[in-house]
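Numbered according to mature numbering (1 follows the signal peptide of the UniProt record, and there is no 0), the sequence shown spans residues -23 to -1, 1 to 266.
Comments concern the structure below.
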Amino acid sequence: MRPFRLLFSLALLLVAGLGTGHAQVEAPAVANKRLFDRTVDELNFRTMETVYDKSFTRNKFPVTLRSHKARKEFDGFGGNANLKKLFLNYNDVSERFKGRFGKGRTDLAEFEKQLNALLIDKNFEFFIRVLPRDERVALIRSLQRAIKQASAQFNASEDPNPEDVAVDEAAVPPADIDAVPTPTDAVEDPAPQPDAQAGPTLASPSAAGRPLDISVRHDWVDYLALLLSATSTLLLFYIVSSVLPDLRARLDGLAEELEERQPTDAARARKRPAGTLPQDRYGDEDDPE
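Structure follows, in structure tokens:
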């Protein structure tokens, strides 16, 4: 009996040791995945809370709706079917972001990339369009701070070295350019809310820009434009320094000449006696020779 208990204890210790080792290996990845899902729920809650409080000035979004299921069961929209449909659609669409992390790369860079992708998603921009510009900017900054807080809690003990990541990315084959991209589901546009203010959509920060490490190449058009610009500058300088002063001097001379002629005409008028008429010379012109 005693040997059986000893063997059973050894087997139990072996299983516990294997389970502990497996948990230690799996714990960082599981914890990071749980952190990612929790952060997505927090971002979605803050976004819906801001839009809801703007749409209903007398109601507040319940603080208990921090999960997808709880938000899906919420029905405090005052009978506004369009607004309810908007919230339910965005709740489902934003929940899909949880599937973007946990498969493939699971390092800190991928963690932050997928969370920031939620802020530039077209469904997110469409959902917050009812907010004024300053409130949209304040909301995005608040969500960015939440992402930074989540990144600070990320367990990066299993992250690969940056050199290994660069080698893996270089070994990835190029994408198929003939492949047709799958369109993402867009949130259906509801009727405009009476007490919500519409504003211009934020510019997507994912717009592609020119990399800074690529040198710029100039062609003959650039050099021609530069030559024309220099010629125009020189011509403008010539006009300002030569033509305009000469023109001003001529105008001043004409003004002085006009001022000199005016006293002469006035003096001739004063020499004529008062009450006399000019000499009649019509008879001389009509008298034949």
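C-beta atoms are modelled at their ideal positions from N, C-alpha and C, and glycine is treated no differently.
Just so we're clear, the structure is a prediction, and the values are computed from it rather than from any experiment.
Select from the options the residue whose C-alpha is nearest the C-alpha of residue i.
i: LEU60; options: SER134, GLU135, PHE104, LEU96; result: PHE104
i: ASP69; options: ASP223, LYS125, ASP18, PHE214; result: ASP18
i: ARG118; options: LEU205, ARG23, ASN36; result: ARG23
i: PRO5; options: GLU237, PHE214, LEU85; result: LEU85
i: GLU102; options: SER71, LEU224, GLY230; result: SER71
i: ARG77; options: LYS90, PHE33, LYS99, ASP229; result: LYS90
i: ARG82; options: ASP136, ASP30, PHE54; result: ASP136
i: ALA133; options: ASN21, THR34, ILE216, GLU87; result: GLU87
i: PHE13; options: GLU237, VAL114, PRO39, ARG73; result: ARG73
i: THR16; options: ASN100, LYS75, GLU233, ARG225; result: LYS75
i: GLN126; options: ALA207, GLU237, LEU20; result: LEU20
i: GLU112; options: ARG48, LYS62, ASP30, GLN130; result: ASP30
The alpha helix (DSSP H) spanning residue i covers which residue range?
i: GLU102; result: 99 to 104
i: ASP69; result: 58 to 72
i: PHE33; result: Here PHE33 belongs to no alpha helix (DSSP H), and DSSP marks it neither H nor E.
i: GLU50; result: From DSSP, GLU50 is part of no alpha helix (DSSP H); its letter is neither H nor E.
i: VAL220; result: Where VAL220 is concerned, there is no enclosing alpha helix (DSSP H), given that its DSSP letter is neither H nor E.
i: SER206; result: 197 to 215
Return the chain-ordered list of same chain residues with a C-beta closer than 6 Å to the C-beta of residue i, the five sequence neighbours on each side being excluded.
i: PHE51; result: LEU42
i: PRO182; result: Annotation note: pLDDT 42 at PRO182 (below 50); position unreliable, coordinate value reported separately. Taken in chain order, the residues that qualify are ILE97.
i: TYR200; result: none
i: ILE124; result: LEU92
i: GLU234; result: none
i: SER219; result: none
i: LYS10; result: GLY79
Look at the Cβ atom of residue i, then the Cβ atom of residue j, and state whether they are nearer than 9 Å.
i: THR27; j: LEU108; result: yes
i: GLY53; j: ASN66; result: no
i: PHE33; j: GLY55; result: yes
i: LEU95; j: LEU116; result: no
What is the DSSP secondary structure of residue i, reduced to helix, strand or coil?
i: ARG43; result: coil
i: ARG82; result: coil
i: GLY230; result: helix
i: GLN239; result: helix
i: LEU108; result: coil
i: GLY55; result: coil
i: GLY176; result: Note that GLY176 scores a pLDDT of 43, beneath 50, so its modelled location is shaky; the value from the coordinates is reported in the next line. GLY176: coil per DSSP, three-state reduction.
i: GLN91; result: helix
i: LEU20; result: helix
i: GLN130; result: coil
i: GLU26; result: helix
i: residue 292; result: In this structure the chain extends from -23 to 266, so residue 292 is not present and cannot be described.
i: LEU(-6); result: Its pLDDT being 48, under 50, LEU(-6) is placed unreliably by the model, and nothing is read from it.
i: PHE13; result: helix
Just to check, is the beta-carbon of residue i closer than 8 Å to a non-hydrogen atom of the ligand MG?
i: ASN68; result: With respect to the ligand MG, the structure offers nothing, as it holds no ligand at all.
Identify, in the order they occur along the chain, each residue of the same chain with its Cβ nearer than 8 Å to the Cβ of residue i, setting aside the five sequence neighbours on each side.
i: PRO222; result: none
i: ILE216; result: none
i: ALA8; result: ASN132
i: ALA58; result: none
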